[in-house]
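If you're matching positions, the sequence shown starts at 654 in the numbering used here and goes up one per residue.
Backbone N, C-alpha and C define an ideal beta-carbon position, used for all residues, glycine too.
Please read these numbers as outputs of a predicted model, since none were measured by experiment.
Working notes, structure below.
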Amino acid sequence: MVNEVILDDYSLKVTGFEQGAATNSSGKEAKTIRFDFEVRGGTEYHDVTVHLYKNTFDVKVPELDLSFRGTINNYSTSRTDFTDEHSSSLFSLELIEIG
């Protein structure tokens, strides 16, 4: 079971990890991963979203010895108001290999 995904140097504790393949924007078969992670409001939300705005990352999944250069293919969140530091939201993120 995968519990951690690293985007560049930013570690995420994940649940619901899935691995697959799809055709990327270059028309090549590419690795895909999808996972969920929880984010608290306030500072944590700010830190996570600033990192996700990069959109493209060196992706590592240590438990699977998997690494690739990937970009966000799809994401969603269960909340839109993150001002309360005591609230949390579930983010869903899908990454696809590029290059």
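The secondary-structure analysis by DSSP pairs Asn-727 across a beta bridge with Glu-747.
Excluding five sequence positions before and after Ala-675, the CB atoms of its chain that fall closer than 7 Å to its own CB belong to Ala-683, Thr-685 and Ile-749, given in chain order.
Assigned with DSSP and collapsed to three states, Glu-697 falls in helix. Look at Val-655 here: in three-state DSSP terms it is coil, with no helix or strand label. Counting along the chain, no beta strand (DSSP E) covers Lys-681, and no H or E run does either.
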